[in-house]
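Okay, structure first, notes after.
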Amino acid sequence: MTFNLNSNCSRCGKKSLLTDQVTGEQFCGKCGYVTSEKLQASGPEWRSFQKDGGSDPARTGAPSSLTIHDMGLSTIINPQNRDATGKPLTASMKSTITRLRTWDSRSQSSATADRNLRQALNELNRLKDKLTISSSVLEKAAYLYRKALEKKLVRGRSISAMIAASLYAACRDTETPRTLKDIAEAANVKRKDISRCYRLLYNELELKMPVVDPIQCIARISSKLKVTEKIKRYAAKILKETQKRQESSGKDPMGLAAAALYFSCAINGVSITQRDLAEAAGVTEVTIRNRYKGLKEAKILELDF
DNA sequence: TAAGATAAGAGGGACAT
DNA sequence: ATGTCAGTCTTATCTTA
Numbered sequence: 002m003t004f005n006l007n008s009n010c011s012r013c014g015k016k017s018l019l020t021d022q023v024t025g026e027q028f029c030g031k032c033g034y035v036t037s038e039k040l041q042a043s044g045p046e047w048r049s050f051q052k053d054g055g056s057d058p059a060r061t062g063a064p065s066s067l068t069i070h071d072m073g074l075s076t077i078i079n080p081q082n083r084d085a086t087g088k089p090l091t092a093s094m095k096s097t098i099t100r101l102r103t104w105d106s107r108s109q110s111s112a113t114a115d116r117n118l119r120q121a122l123n124e125l126n127r128l129k130d131k132l133t134i135s136s137s138v139l140e141k142a143a144y145l146y147r148k149a150l151e152k153k154l155v156r157g158r159s160i161s162a163m164i165a166a167s168l169y170a171a172c173r174d175t176e177t178p179r180t181l182k183d184i185a186e187a188a189n190v191k192r193k194d195i196s197r198c199y200r201l202l203y204n205e206l207e208l209k210m211p212v213v214d215p216i217q218c219i220a221r222i223s224s225k226l227k228v229t230e231k232i233k234r235y236a237a238k239i240l241k242e243t244q245k246r247q248e249s250s251g252k253d254p255m256g257l258a259a260a261a262l263y264f265s266c267a268i269n270g271v272s273i274t275q276r277d278l279a280e281a282a283g284v285t286e287v288t289i290r291n292r293y294k295g296l297k298e299a300k301i302l303e304l305d306f
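Count the first sequence with our numbering and you get residues 2 to 306, in order.
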């Protein structure tokens with residue numbers, strides 16, 4: 002969308018004519034009067050992505066036109082539901098993009114920001130497949146990244162670290178149990194970098210995150226192991242008790258859940274090695290032992306549920 | 001072989017300077 | 001802003017049952 006300061010609105014007379022980049026309509030920003038429905042051929046050539054394999058950055062933009070103040074480089078998100086390689090988007094990505102288009106049409110995004118966003122969304126799409134993320138979480142992640150972009154938080158940081166951090170934040174917010182480690186492995190970015198970006202998002206966007214519930218983690222760990230419902234329920238009871246006694250603050254929720262499961266197995270006569278449990282939970286055996294020791298010292302294990 | 005113990009090192013929060 | 005401190009978690013190695 003761009004200002005056309007040379008002409009006046011023929012209804013209200015104000016110099017506030019705007020051009021819709023998609024339809025080419027000219028309308029007045031003050032009174033809404035549409036002055037021209039003629040399609041001006043200044044729309045971007047989206048073909049360039051699909052034809053050239055998308056690797057040439059010089060060909061990613063629209064053809065510039067001097068008739069518009071920004072030379073036609075103000076962008077919209079590609080109205081075709083295809084990714085940068087020309088493949089159709091998945092259904093969940095489609096809804097994400099649809100929402101972003103709405104945002105996009107309302108803000109004057111720069112070409113670089115748009116390119117950045119597109120690259121990030123590509124990465125996000127990749128992560129979704131690796132981590133099996135639901136579409137609502139995905140949208141949240143895209144939204145957060147968008148906010149980060151607006152606040153210029155991405156400058157000087159890697160796109161993949163930032164989009165991974167956005168995804169992690171979205172998972173935290175929706176109580177989807179994914180650890181920093183999970184995401185770091187999927188994104189091929191160091192855990193430390195993602196965590197730094199996450200903290201940045203957390204502070205700058207003033208996010209309020211619910212604390213990770215270890216009970217949620219039980220399901221996640223036991224899905225990788227074959228564990229009966231009974232054992233899961235027992236482990237959940239242990240965790241509820243530790244939460245009640247404030248034994249759980251500051252501890253890795255995955256470690257807590259793993260220790261509770263370990264004990265639950267022991268009580269129910271199921272033998273399971275700390276090693277397998279540690280692997281499924283993504284923590285070390287030492288951590289499980291420490292949490293287990295903590296449970297013993299708190300006498301939680303002496304309770305009869 | 002599984003589990004426990006110990007030690008060194010990393011990263012981040014709280015708090016003071 | 002910067003440094004220190006206590007607490008957590010990880011990695012590695014050794015010991016114990």
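Each residue gets a CB set at the ideal place from its N, CA and C atoms; glycine is no exception. Remember, it's a predicted structure, so these values are computed and weren't measured experimentally.
In the three-state reduction of the DSSP assignment, Pro254 falls in the helix class.
Under the 10 Å beta carbon count, Ala121 is surrounded by 16 or more other beta carbons and is classified as buried. Boundaries of the alpha helix (DSSP H) around Arg192: 192 to 205. Within the same chain, Cβ atoms closer than 7 Å to the Cβ of Ile289 are found at Gly256, Ala259, Ala260, Tyr263, Gln275, Leu278, Ala279, the five residues on either side in sequence being excluded.
Of the other Cβ atoms in all chains shown, fewer than 16 fall within 10 Å of the Cβ of Asp130; this residue is therefore exposed. Under the three-state reduction of DSSP, Pro215 is assigned to helix. Linking Ile273 to Leu296 through their CA atoms gives a straight-line distance of about 18 Å. The beta-carbon distance between Leu128 and Ala166, rounded to whole angstroms, is 11 Å. This is too long to meet the 8 Å contact definition. When C-alpha distances from Lys225 are compared across Ser137, Gln247, Ala281, Lys238, the shortest belongs to Ala281. Taking 8 Å as the cut-off, the beta carbon of Lys233 is found closer than this to the beta carbon of Ser223.
Ranked by how close their Cα comes to the Cα of Ile268, the residues Val287, Arg246, Gln247, Lys231 have Lys231 in first place.
Between the C-alpha atoms of Ile216 and Thr180 there is a straight-line separation of about 14 Å.
In the same chain as Pro254, and ignoring 5 residues on each side of it, the C-beta atoms closer than 6 Å to its own belong to Val213, Pro215, Cys218, in chain order.
Note that the C-beta distance between Arg292 and Lys238 is not below 8 Å.
The residues Ala170, Arg173, Asp174, Tyr203, in chain order, have a CB closer than 8 Å to that of Met210 in the same chain once the five nearest residues on each side in sequence are set aside.
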